[in-house]
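Data first, discussion second: the structure below is written as structure tokens.
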Amino acid sequence: MSGRSHFAAPLLLAIVVALILYVSLFPFRFDGAELTLAEAARTLAWARASRGDMLNNLLLYVPLGFCLALLVEPRAGRTAALAASVAGGSLLSLAMELTQASIESRVPSLTDLSLNTAGAFVGGIAGSAWQVLGARMTPQANPRGRSGAVAVTVLVLWLLARLWPLVPDVGLGQLKRAVRPLFSPDIAVARLAAFLVGWLVVAQAVFHLARRQRSVDGFLIVIAIVLIGRAITAGNALEAAELAAIALLLPVLVLISRLEDRGRSAFIAAALGTWLVAVAVVPLLGGTSPVGVEIPDLGDYLSRNAPPPAELAGKAFSYVALGWLLAGAGLPPAVAAGVTVFVVVLLSLLQAGAAAPLYGWIDVILAILAGAVVWRWMPRTGAR
31 MSGRSHFAAP
41 LLLAIVVALI
51 LYVSLFPFRF
61 DGAELTLAEA
71 ARTLAWARAS
81 RGDMLNNLLL
91 YVPLGFCLAL
101 LVEPRAGRTA
111 ALAASVAGGS
121 LLSLAMELTQ
131 ASIESRVPSL
141 TDLSLNTAGA
151 FVGGIAGSAW
161 QVLGARMTPQ
171 ANPRGRSGAV
181 AVTVLVLWLL
191 ARLWPLVPDV
201 GLGQLKRAVR
211 PLFSPDIAVA
221 RLAAFLVGWL
231 VVAQAVFHLA
241 RRQRSVDGFL
251 IVIAIVLIGR
261 AITAGNALEA
271 AELAAIALLL
281 PVLVLISRLE
291 DRGRSAFIAA
301 ALGTWLVAVA
311 VVPLLGGTSP
321 VGVEIPDLGD
331 YLSRNAPPPA
341 ELAGKAFSYV
351 ALGWLLAGAG
361 LPPAVAAGVT
371 VFVVVLLSLL
381 QAGAAAPLYG
391 WIDVILAILA
401 GAVVWRWMPR
411 TGAR
């Protein structure tokens, strides 16, 4: 991969630059008085900033350095890519700071300039790492022929789960709320594992939909859609656990890239199944989810409220993905669908007496629908 360019990089770079322009020049109310370049430069000073503002300025330019590294390294090498990331970040930041001198509500700052440049450098390192690992994370064996419709369903459900309610909010307030959780990162092991397994499934789906030489770029686009989408959709925010999971995911993909398609599907299906079982069993064993002695009657069981839409999409994603992966591992579609339904029914029965059950009747319905999708859309032959 080191010798070819990324088709995703120019698109992502354009989006990142547009986002930087919006954040830096908002509210776009320029003073009538025109400042010369020298006059604007004299307004730059080392200003004190809160920890939140400093982190915002650092993070804002990380994607810029990342995209510049992806564009430059295949053509000019790693050193030139890092230099381009730093130079591009510093020049764009300087242009924004000088332009802010004409906006009354904004304060040009050398502090912001230095943090933006540092962020671009960090992004350049991340882009170079992606360049190295991306060449090795693509499956070396071609994926077995199977229905693309199920893989698309898996991706759509993941996007719904991560971006619901799908209401855009591009105000600065939403952007600041989106990055605020990163100020005090809380990376719970369970949350980290959930994201790691989820993104493993997403990577497998992308690798089945995209051509081998473009699959890594396709995966990068999906990551960008989720991260940028969570920053600009109402009520959503970035999560440190998800960012950490994506970072851990890359070496995992490198390790399993040598497995044939059935082996990769079986590995990811085992990881997903283990996580689904752990979600139901660990709280019961640890005593954090009290279980009643008596099983509730049918009316009480059915009266339990369904989870919110984002959680519903997440559950549907897990069950469709499990059936899809089991079929990809070699099970006939009908058997894969049956195993998926059986596992979910068993977990729902296990939690039937829990005070706050994580599985219930809605999970059984979703599992049946997921099984129907797998049984109906997955090919019934082993042809490649």
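Taking our numbering, I'd label the letters of the sequence shown as residues 31 to 414. Where a beta carbon is used, it is the ideal one built from N, C-alpha and C, also for glycine.
Coarse secondary structure for residue i, derived from DSSP in three states
i, result
"VAL231", "helix"
"PHE60", "strand"
"TRP305", "helix"
"ALA310", "helix"
"SER80", "coil"
"ALA283", "In the sequence under discussion, the amino acid at residue 283 is Leu, which differs from the Ala named in the question. LEU283 falls in the helix class under three-state DSSP."
"LEU187", "helix"
"PRO362", "coil"
"ARG242", "helix"
"ALA296", "helix"
"ALA179", "helix"
For residue i, the first and last residue of its enclosing alpha helix (DSSP H)
i, result
"ILE133", "Counting along the chain, ILE133 falls outside any alpha helix (DSSP H), and DSSP gives it neither H nor E."
"ASP393", "391 to 407"
"ARG288", "It is not in any alpha helix (DSSP H) - ARG288 carries neither H nor E in the DSSP assignment."
"GLU269", "Where GLU269 is concerned, there is no enclosing alpha helix (DSSP H), given that its DSSP letter is neither H nor E."
"TYR52", "38 to 55"
"ALA68", "67 to 72"
"SER348", "339 to 358"
"ALA420", "Residue 420 falls outside the range modelled here, since the chain spans only 31 to 414, and no answer is possible."
"LEU250", "245 to 262"
Residue i, buried or exposed, once every other Cβ within 10 Å from all chains shown has been counted against 16
i, result
"ARG192", "buried"
"GLU103", "buried"
"ALA181", "buried"
"GLU69", "exposed"
"GLN243", "exposed"
"VAL323", "A caution first: VAL323 carries a pLDDT of 42, below 50, which makes its placement in the model unreliable, though a value can still be read off. Burial call: exposed."
"VAL236", "buried"
"LEU226", "buried"
Inside the stretch 189 to 238 only - alpha helix (DSSP H) runs reaching at least 4 residues: 202 to 209
Contact between the stretch 359 to 369 and the stretch 281 to 290: three or more CB pairs below 8 Å? no
In chain order, which alpha helix (DSSP H) runs of at least 4 residues are fully inside the stretch 87 to 170? 92 to 106, 108 to 130, 140 to 167
Segment contact, 8 Å Cβ cut-off, at least three pairs: the stretch 65 to 79 with the stretch 130 to 146: Contact between the stretch 65 to 79 and the stretch 130 to 146 is present, because at least three Cβ pairs lie under 8 Å.
Is it the case that the stretch 296 to 316 contacts the stretch 258 to 275, given that we only count it when at least three CB pairs across the two stretches are under 8 Å? no
Decide yes or no for the touch test of the stretch 87 to 102 against the stretch 159 to 166: beta carbon pairs closer than 8 Å, at least 3 of them. The stretch 87 to 102 vs the stretch 159 to 166: in contact.
The stretch 214 to 231 contacting the stretch 368 to 383, beta-carbon criterion three pairs below 8 Å: By the C-beta criterion, the stretch 214 to 231 is judged not to be in contact with the stretch 368 to 383, since fewer than 3 inter-stretch pairs fall below 8 Å.
Between the stretch 247 to 264 and the stretch 298 to 307, can you find at least three pairs of beta-carbon atoms closer than 8 Å? Fewer than three pairs of CB atoms, one per stretch, sit closer than 8 Å, so the stretch 298 to 307 makes no contact with the stretch 247 to 264.
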